[in-house]
Amino acid sequence: MSDKTESENREFEMPDPRLSLRQDIEDEERLIVDIDGFEGPLDVLLALSRTQKVDLKQISILELVKQYLDFVNQARTLRLELAADYLVMAAWLAYLKSRLLLPDEESEDEISAEELAARLTYQLQRLGAIRERAAILMSRNQMGRDMFARGLPEHINITRSHTYDLSIYDFLKAYSQHKTREAVADIRIHKRDIYSMDKAFKRLSEMLGIALDWTDLEQFLPQGIEDEQLNKSAKASFFTASLEMARIGKVDLIQKQIFGPLMIRKRKGDDEND
Amino acid sequence: MTDDENSRDNHEQLRICEALLFASDRPLSSIAIAEQLTEGSDVEAILLNLQKKYQNCGVNLVQVAGKWMFQTAADLAFLLRKEEEKERKLSRAAVETLSIIAYHQPVTRAEIEDIRGVGLSKGTLDVLMEATWIKPLGRRRTLGRPMTYGTTEDFLVHFGLNSVKDLPGLAELKAAGFLDNVNTSRLNFLSDIEPDEEQPDLPMDDDESSSEEQVIS
Amino acid sequence: MTDDENSRDNHEQLRICEALLFASDRPLSSIAIAEQLTEGSDVEAILLNLQKKYQNCGVNLVQVAGKWMFQTAADLAFLLRKEEEKERKLSRAAVETLSIIAYHQPVTRAEIEDIRGVGLSKGTLDVLMEATWIKPLGRRRTLGRPMTYGTTEDFLVHFGLNSVKDLPGLAELKAAGFLDNVNTSRLNFLSDIEPDEEQPDLPMDDDESSSEEQVIS
């Protein structure tokens with residue numbers, strides 16, 4: 329990190345140091361990739377294309393696709409968590425590869441495989457070009473590092489339109505800080521109607537005396553509640569209440585399939601113990 | 011060393027001296043300067059040379075308290091700015107007030123106080139007005155007919171903006187990292203800024219004869 | 011005026027220029043300098059004279075951001091470099107973002123992300139803005155009216171550029187078509203490129219002449 333400019337300069341002549349053939353691994357062709365060092369799939373593709381040691385204008389897209397898919401597979405073998413971006417790119421590249429290999433069907437709607445490949449190349453070249461410029465820019469003499477302004481400025485009577493000094497940064501910062509404070513002060517949690525678990529427990533106990541056989545839990549829900557939130561709350565409370573009743577041995581619960589109805593039945597012989 | 015080389019080296023030492031004194035934020039002793047020169051350089055001689063070189067220039071090399079510094083030539087002192095005209099920093103309250111006016115204009119004093127949750131000290135608006143960044147926009151058609159404020163053309167020029175609508179909105183501030191401590195979900199509690207266009211305030215009217223320029227906003 | 015007087019006056023104007031520029035740690039525009047000179051002085055000629063005078067000195071008069079300033083000679087960098095003064099450590103992402111903004115301005119956040127092929131982490135723009143190297147330039151007249159960003163005068167001064175037109179390799183990038191409108195649908199090569207007919211907002215798009223205003227802020 330320390331000699332950033334230098335290493336970035338080198339990066340443009342040499343294969344990316346983040347991609348390395350590790351000798352100590354049985355499969356000596358294995359490409360070990362420092363995923364943390366990469367910033368997105370395009371970055372990986374660019375680094376891979378440089379290992380081809382050819383001018384960016386002559387990248388073999390097919391070769392590049394192969395390398396990228398290898399890279400993704402390697403990462404998976406190593407159980408590295410790959411961000412969705414990388415996988416999306418892999419899927420797209422696999423698609424591009426198949427398009428490139430298969431004879432192109434004339435189709436009005438679809439963009440030709442060559443065109444797709446050309447666009448990818450363009451993106452890589454554009455990123456490569458801006459990287460080079462970034463390195464050149466940072467290697468320029470910089471004020472405060474390589475060259476210096478007057479260290480002891482004297483105040484000169486230059487008429488300026490403003491006597492106050494304020495940067496856009498400070499201005500926006502001030503507003504943001506204000507908003508941050510406001511955000512903290514403005515939290516209000518609205519009181520919500522809820523159907524309490526106690527209420528559900530009571531209602532369920534009473535109604536279970538009437539129902540004799542397996543019954544869908546839904547049947548016990550209070551009817552005619554207009555408020556959607558309250559309905560949800562009731563559902564949650566009845567579910568919890570049923571679990572609680574099963575735990576203390578008052579009822580049996582059964583659900584035959586995932587997301588299927590939850591059937592409830594009063595446990596036999598419970599009356600006697602009661 | 012030949013004479014030629016010698017003189018070239020002398021010139022080089024002079025240049026280094028010159029650059030050091032130019033960039034330094036305090037007067038330098040000849041010892042401190044000598045540390046940066048080739049060993050064995052005659053720093054005193056070089057400094058005297060440099061002083062001579064700047065003798066008739068707009069800037070002179072002077073010795074103060076035994077140390078060396080560049081200074082505007084005494085006869086050009088009229089160019090120096092008077093102290094009270096120095097650039098001033100705005101107080102935190104003033105910057106915040108300015109930002110609230112910019113985002114919420116037209117806005118009354120009471121509204122600013124309400125938004126900031128704290129009273130506006132006397133003079134804050136004056137300072138902003140003096141800086142020509144805000145101006146009265148007219149009176150609101152409500153009880154008490156309070157004066158509203160907004161930003162000026164100068165304000166836009168200062169920040170290189172075309173219009174106040176070009177100020178970044180909350181989502182953009184967030185994305186740029188300004189609102190780091192705010193939980194994103196809480197952003198919903200904050201309303202984004204919509205410059206109030208539908209209901210322009212009343213132009214300043216009858217009771218203030220002065221208002222001509224202020225009406226034009 | 012006799013020739014003698016004339017040349018004495020010229021010398022005086024040069025001294026004033028010299029004093030003004032030497033005293034300032036910021037670049038000064040020739041207009042601001044001219045205000046301090048005798049009316050009718052040829053400020054540009056005087057400045058060029060002054061520049062020539064300092065050509066081989068330890069301090070040079072340079073043109074940055076379309077203005078003039080004295081700074082230490084670049085070839086003395088290695089002698090003056092202050093190690094203890096930590097240079098701004100910029101992340102790779104920040105450096106790349108800065109150069110994308112410099113070359114593509116005005117450019118939106120989505121465009122930056124598209125060029126880099128990865129989302130811009132929070133705080134990257136904030137860091138660059140805090141360094142006073144970038145600023146919001148205004149909104150693009152397209153759907154969502156996204157904010158655009160560009161570089162500041164400080165950026166030019168810091169990197170010793172007279173204008174953004176002087177960015178290294180700008181012409182080559184343009185010739186290669188790399189500065190064409192950026193398609194901001196993510197992974198844009200997946201979708202067909204939509205003809206980008208949006209009106210470029212604001213100063214500085216591709217025509218050379220307009221970038222001038224951009225530089226002066």
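Chains as they are written, first to last, in this note's numbering: chain A, 329 to 602; chain B, 11 to 227; chain C, 11 to 227. Glycine included, each C-beta is placed from N, C-alpha and C at the ideal position. None of the values given here were measured: they were computed from a predicted structure.
For the beta strand (DSSP E) that Ile56(B) lies in, which residues bound it at each end?
As a first step, residue 56(B) must be located in the second sequence, where it is residue number 46. Premise fails: Ile56(B) lies in the alpha helix (DSSP H), 53–63, not in any beta strand (DSSP E).
In angstroms with no decimal places, state the Cα-to-Cα distance between Val400(A) and Leu558(A).
For the purposes of this step, residue 400(A) is taken as the residue at position 72 of the first sequence. For the purposes of this step, residue 558(A) is taken as the residue at position 230 of the first sequence. Val400(A) and Leu558(A) have their alpha carbons spaced roughly 48 Å apart.
Of the residues Gly127(B), Asn66(B), Glu54(B), Val72(B), which one's Cα is nearest the Cα of Thr107(B)?
The residue given as residue 107(B) occupies position 97 in the second sequence. Of the listed residues, the one whose Cα sits closest to Thr107(B) is Gly127(B).
Take Val393(A) as the anchor and find which of Leu549(A), Ala411(A), Arg427(A) has the nearest alpha-carbon.
For the purposes of this step, residue 393(A) is taken as the residue at position 65 of the first sequence. When each option's Cα is compared against that of Val393(A), the closest is Arg427(A).
For Gln23(C), which of helix, strand or coil comes out of DSSP?
Counting from 1 along the third sequence, the entry for residue 23(C) is found at position 13. The answer is helix: DSSP assigns Gln23(C) an H, G or I state.
Indicate whether Phe169(B) and Ile522(A) have their beta-carbon atoms separated by less than 7 Å.
Residue mapping note: residue 169(B) aligns to position 159 of the second sequence, counting from 1. Residue mapping note: residue 522(A) aligns to position 194 of the first sequence, counting from 1. It is not a contact, given that the beta carbons lie outside the stated cut-off.
Interface flag, Lys99(C) vs chain B, CB-CB below 7 Å:
Taking the first residue of the third sequence as position 1, residue 99(C) is located at position 89. Cβ-Cβ to chain B under 7 Å: no for Lys99(C).
Take the Cβ of Thr134(B) as the centre, count every other Cβ of all protein chains shown within 10 Å, and call the residue buried at 16 or more, exposed below.
In the second sequence, counting from the first residue as 1, residue 134(B) sits at position 124. Thr134(B) should be labelled buried.
Nearest neighbour of Ile122(C), chosen from Met157(C), Phe32(C), Asn16(C), Gln23(C) [CA to CA]
Your numbering for residue 122(C) matches position 112 in the third sequence. The option with the nearest alpha carbon to Ile122(C) is Met157(C).
Within 7 Å of chain C by C-beta, residues of the stretch 31–60 of chain B in sequence order
Phe32, Ala33, Gln46
Measure the alpha-carbon distance for Phe567(A) versus Leu545(A) and round it to whole angstroms.
Looking up residue 567(A) in the first sequence gives position 239. Looking up residue 545(A) in the first sequence gives position 217. Roughly 8 Å between the two C-alpha positions.
Gly179(C) - partner residues in DSSP beta bridges:
Taking the first residue of the third sequence as 1, we reach residue 179(C) at position 169. For Gly179(C), which the question treats as bridged, DSSP gives no partner whatsoever.
Using a Cβ-Cβ cutoff of 8 Å, what residues of the stretch 100–116 of chain B are near chain C? List them in chain order.
none
CB contact flag (Gln81(B), Asn66(B), <7 Å):
Sequence index remark: in the second sequence, residue 81(B) carries index 71 (1-based). Sequence index remark: in the second sequence, residue 66(B) carries index 56 (1-based). No, these two residues do not count as a Cβ contact at 7 Å.
If we define contact as Cβ-Cβ less than 7 Å, is Asn172(B) a contact residue for chain C?
Counting from 1 along the second sequence, the entry for residue 172(B) is found at position 162. Yes, because at least one Cβ of chain C sits closer than 7 Å to the Cβ of Asn172(B).
Can you name, in chain order, every residue of its own chain whose Cβ lies under 6 Å from the Cβ of Ala528(A), other than the five neighbours on each side?
One-based indexing of the first sequence puts residue 528(A) at position 200. Excluding positions up to five away in sequence, the list reads Ser565, Phe566, Ala569.
Would you list the residues sitting across from Ile582(A) in a DSSP beta bridge?
Mapped onto the first sequence, residue 582(A) falls at position 254. Its beta-bridge partners are Met591(A).
Report the three-state DSSP secondary structure of Gln73(C) (helix, strand or coil).
Position 63 of the third sequence, counting from 1, holds the residue named residue 73(C). Strand.
Measuring CA to CA, which of Asp371(A), Ser504(A), Asn469(A), Leu430(A) is closest to Gly456(A)?
The residue you call residue 456(A) lines up with position 128 of the first sequence. Selection Asp371(A), Ser504(A), Asn469(A), Leu430(A) evaluated against Gly456(A) yields Asp371(A) as nearest (Cα-Cα).
When Ala462(A), Tyr423(A), Ala574(A) are compared against Ala445(A), the one with the closest alpha-carbon
Locating residue 445(A) in the first sequence gives position 117, where the first residue counts as 1. Closest by alpha carbon: Tyr423(A).
Using a Cβ-Cβ cut-off of 8 Å (strictly less than) and excluding sequence neighbours within five positions of Ala120(B), which residues of its own chain qualify?
Looking up residue 120(B) in the second sequence gives position 110. Closer than 8 Å at Cβ, skipping near neighbours: Pro156.
Chain A within 7 Å of Leu135(B), Cβ atoms only
Your numbering for residue 135(B) matches position 125 in the second sequence. With 7 Å as the cut-off, Leu135(B) does not count as an interface residue toward chain A.
Residues that Ile122(C) contacts on chain B, provided the C-beta gap is smaller than 7 Å
Position 112 of the third sequence, counted from the first residue, corresponds to residue 122(C). By Cβ distance, chain B contributes nothing, its closest Cβ being about 11 Å from Ile122(C), past 7 Å.
Residues in the stretch 492–510 of chain A having any Cβ partner in chain B nearer than 7 Å
Tyr492, Asp493, Leu494, Ile496, Asp498, Phe499, Leu500, Lys501, Ala502, Tyr503, Ser504, His506, Lys507, Thr508, Glu510
Mind listing the chain C neighbours of Ile387(A)? Cutoff is C-beta to C-beta under 9 Å, in chain order.
For the purposes of this step, residue 387(A) is taken as the residue at position 59 of the first sequence. Those do not exist, as Ile387(A) stays about 14 Å from chain C at its closest Cβ, beyond 9 Å.
Have a look at Asp35(B), Arg36(B), Leu30(B), Asn59(B) and flag the residue whose alpha-carbon is nearest the alpha-carbon of Glu45(B).
Counting from 1 along the second sequence, the entry for residue 45(B) is found at position 35. Answer by Cα proximity: Leu30(B).
Within 7 Å of any Cβ in chain A, is that where the Cβ of Ala189(B) sits?
The residue you call residue 189(B) lines up with position 179 of the second sequence. At residue 189(B) the sequence reads Leu, which differs from the Ala that was named. By this cut-off, Leu189(B) is an interface position.
Measuring alpha carbon to alpha carbon, tell me which residue in Leu130(B), Phe88(B), Leu183(B) is nearest Gly68(B).
Numbered from 1 along the second sequence, position 58 holds the residue referred to as residue 68(B). It is Phe88(B).
Close Cβ partners of Met535(A) (< 8 Å) along its chain, the five nearest in sequence each way excluded
Here the question's residue 535(A) lines up with position 207 in the first sequence. Counting only Cβ-Cβ distances below 8 Å, and skipping sequence neighbours, we find Phe548.
Contact belief for Ser173(B) with Leu183(B) at Cβ below 8 Å, rounded distance in angstroms:
For the purposes of this step, residue 173(B) is identified with residue 163 of the second sequence, where counting begins at 1. For the purposes of this step, residue 183(B) is identified with residue 173 of the second sequence, where counting begins at 1. At roughly 18 Å, the Cβ-Cβ gap does not stay under 8 Å, so Ser173(B) and Leu183(B) are not in contact.
Cutting at 8 Å between CB atoms, please list the residues of its own chain near Ile389(A), excluding the five before and the five after it.
In the first sequence, the residue the question calls residue 389(A) occupies position 61. Taken in chain order, the residues that qualify are Leu424, Leu428, Ala445, Leu448, Thr449.
Any beta carbon of chain A sitting closer than 7 Å to that of Leu183(B)?
By one-based count along the second sequence, residue 183(B) stands at place 173. It does; some Cβ of chain A falls within 7 Å.
Along the chain, where does the alpha helix (DSSP H) that runs through Pro481(A) open and close?
By one-based count along the first sequence, residue 481(A) stands at place 153. Segment: none, Pro481(A) is in no alpha helix (DSSP H) and carries neither H nor E.
Under 9 Å by beta carbon: chain C residues contacting Ile458(A):
Position 130 of the first sequence, counting from 1, holds the residue named residue 458(A). Chain C residues near Ile458(A): Glu106, Ser109, Ile110, Tyr113, His114, Ile125, Arg126, Leu183, Phe188.
For Val72(C), does the count of other Cβ atoms within 10 angstroms reach 16, so buried, or fall short, so exposed?
Counted from its first residue, the third sequence places residue 72(C) at position 62. Burial call: buried.
So with Cβ pairs under 7 Å, would you call Gly148(C) a contact of chain B?
Indexing the third sequence from 1 puts residue 148(C) at position 138. Taking Cβ atoms only, chain B reaches closer than 7 Å to Gly148(C), which makes this a yes.
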